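J.: I'd like to ask you about the structure that follows.
Residue numbers (this note's numbering): 697 to 1035.
Written out as structure tokens, the structure is:
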């Protein structure tokens, strides 16, 4: 399905890009991301912006800014709607305070073991339509979704089973992730990502839900927390690629096609670049005799998912949208024997 979409998009976009000489940009936009400058995800998003410029024949130029550059990461939704930013590439979970549906759609903990499971749901299971409906009242147009690899887990203590989570002080963002780890017996602590390394180093926490293995390794997390869990079992966040709706509405159809196609291409480029970086980082970690990479068995992953499912049901009852999203996910997972 994805190859078919990507192939068609590439043909359409190639025709657009080659239809005439490069011209001065008609549109200059600023998009804020959820990463710091230099992170793999940030670099990939800069490459996406470069591709939009190339595919549009230079008619669209997008400046990609790191987290917090213009507004706090929790405020980009309103900033995009108001035109302060013209777009964002971010984790919807940051907006859970506006509507609990953002938490479910941003990171349905324990649901997905591969990014293409989540992206398949977004494209053919109703996810795209539900998320577009959720953000439209904010004056935001949802272009499309991307995803990254399942996040690894950083730990100073060996966590080989769900039972081993009991009593572990771990960093988890507030919301669904926090609640699920609490129900699994851990003692979650809400800390910003910028404080994770110091908190681990000083013993404030024993473990952390943070990000993908490559970023953890690159930031030295595994050098102070020698028992990383990989492949990830808990977290696979959605990447929301959206822009100001009034700007989108006024775009000519050919540039709308460019943006749609660019997201389809970004999906593959981002997933496989992070996958490659993860593999390289894992090899480097394995060469360090002090680091033990723990890979949970299928049975332990299933135990954690059952705990997560109970929390999905709790969240489903919060609003009409959370119930609709829950129903759509369950239907999709059951229909593919993933649940």
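Glycine included, every Cβ here is placed at the ideal spot set by N, Cα and C.
All values reported here derive from a predicted model rather than from experimental measurement.
In three-state terms, what does DSSP make of residue 982?
T.: Helix at residue 982.
J.: Where do the N-terminal and C-terminal ends of the beta strand (DSSP E) with residue 725 fall, by residue?
T.: Looking at the DSSP string, the run of the beta strand (DSSP E) that includes residue 725 is 723 to 729.
J.: With a Cβ-Cβ cutoff of 7 angstroms, do residue 775 and residue 767 count as a contact?
T.: Cβ distance < 7 angstroms, so residue 775 and residue 767 count as in contact.
J.: Quick check on this structure: which residue in 972, 732 and 932 has the alpha carbon closest to the alpha carbon of residue 802?
T.: Checking every option, the nearest Cα to that of residue 802 belongs to 932.
J.: Give a yes or no on contact between the region 779 to 797 and the region 808 to 825, applying the rule of three or more CB pairs nearer than 8 angstroms.
T.: With the cut-off at 8 angstroms, the region 779 to 797 and the region 808 to 825 do not touch.
J.: For residue 884, report the span of its beta strand (DSSP E) as first-last.
T.: Run containing residue 884: 883 to 885, per the beta strand (DSSP E) assignment.
J.: Within the chosen definition, does the region 942 to 958 reach the region 866 to 885 through at least 3 CB pairs nearer than 8 angstroms?
T.: Cβ pair count under 8 angstroms is below three, so no.
J.: Anyone know if the C-beta pair for residue 1103 and residue 904 falls short of 7 angstroms?
T.: Past the edges of the chain, shown from 697 to 1035, lies residue 1103, and the structure says nothing about it.
J.: Mapping the DSSP letters down to three states, classify residue 995 as helix, strand or coil.
T.: Residue 995: helix per DSSP, three-state reduction.
J.: What three-state label does DSSP hand residue 784 in the structure shown?
T.: Three-state DSSP puts residue 784 in a strand.
J.: Just list the residues that DSSP pairs residue 841 with in beta bridges.
T.: Paired residues: 936.
J.: Using a 10 Å radius around the Cβ and a threshold of 16 neighbouring Cβ atoms, would you call residue 787 buried or exposed?
T.: Buried, because 16 or more other Cβ atoms sit within 10 Å of the Cβ of residue 787.
J.: Using the beta-carbon count (16 or more within 10 Å), is residue 845 buried or exposed?
T.: Under this definition residue 845 is a buried residue.
J.: Please classify residue 976 as buried or exposed, where buried requires at least 16 neighbouring CB atoms within 10 angstroms.
T.: It counts as exposed.
J.: Alpha helix (DSSP H) containing residue 797: first to last residue?
T.: Per DSSP, residue 797 belongs to the alpha helix (DSSP H) from 796 to 802.
J.: Please report the distance separating the alpha-carbon of residue 967 from that of residue 986.
T.: Using only the alpha carbons, I get a separation of about 29 angstroms.
J.: Should residue 920 go down as buried or exposed, given a rule of 16 or more other Cβ atoms within 10 Å for buried?
T.: Residue 920 is exposed by the Cβ-count criterion.
J.: Assign residue 743 to one of three DSSP states: helix, strand, or coil.
T.: Correct three-state label for residue 743: helix.
J.: For residue 990 and residue 724, what's the separation of their Cα atoms in angstroms?
T.: Each residue's Cα considered, the two are about 46 angstroms apart.
J.: Within 10 angstroms of the Cβ of residue 888, are there 16 or more other Cβ atoms? Answer buried if so, exposed if not.
T.: Label assigned to residue 888: exposed.
J.: Sorted by chain position, which residues of the same chain lie with C-beta nearer than 7 angstroms to residue 864's C-beta, five sequence neighbours on each side aside?
T.: Once the five neighbours on either side are set aside, the close Cβ partners of residue 864 are 853, 855, 882, 883, 902 and 903.
J.: Assign residue 890 to buried or exposed, taking buried as 16 or more other Cβ atoms, counted over all protein chains shown, within 10 Å of its Cβ.
T.: Flag for residue 890 reads exposed.
J.: Could you check the C-alpha separation between residue 753 and residue 824 for me, to the nearest Å?
T.: Each residue's Cα considered, the two are about 28 angstroms apart.
J.: Taking the straight line between their C-alpha atoms, what separation do you get for residue 843 and residue 785?
T.: Taking the straight line from one Cα to the other gives about 11 angstroms.
J.: Is it buried or exposed, residue 730, if we count other Cβ atoms within 10 angstroms and call 16 or more buried?
T.: Flag for residue 730 reads buried.
J.: Report buried or exposed for residue 806, applying the criterion of at least 16 other Cβ atoms within 10 angstroms of its Cβ.
T.: Buried is the call here.
J.: Give me whichever residues DSSP pairs with residue 760 in a beta bridge.
T.: Partner(s): 727.
J.: With 16 as the cutoff for other CB atoms within 10 Å, does residue 795 come out buried or exposed?
T.: Buried, because 16 or more other Cβ atoms sit within 10 Å of the Cβ of residue 795.
J.: Return yes when the C-beta of residue 786 is under 6 angstroms from any heavy atom of the ligand GDP, and no when it is not.
T.: Annotation note on the ligand GDP: not contained in the displayed structure, which lists no ligands.
J.: Compare the C-alpha of residue 804 against each of 1026, 1031 and 1033 and name the closest.
T.: The shortest Cα separation from residue 804 among 1026, 1031 and 1033 belongs to 1026.
J.: Which residue's Cα is closest to the Cα of residue 755: 726, 745, 720 and 743?
T.: The residue with the shortest Cα to Cα distance from residue 755 is 720.
J.: Which whole-angstrom value describes the C-beta separation of residue 896 and residue 1021, a residue pair presumed to lie in contact below a C-beta threshold of 8 angstroms?
T.: No, residue 896 and residue 1021 are not in contact; Cβ-Cβ is about 33 angstroms, not under 8 angstroms.
J.: Could you check where the beta strand (DSSP E) with residue 865 kicks off and where it finishes?
T.: 865 to 867 is the span of the beta strand (DSSP E), which, as asked, contains residue 865.
J.: Measure the CB-CB distance between residue 847 and residue 908 and report whether it falls below 7 angstroms.
T.: Yes, the Cβ-Cβ distance between residue 847 and residue 908 is below 7 angstroms.
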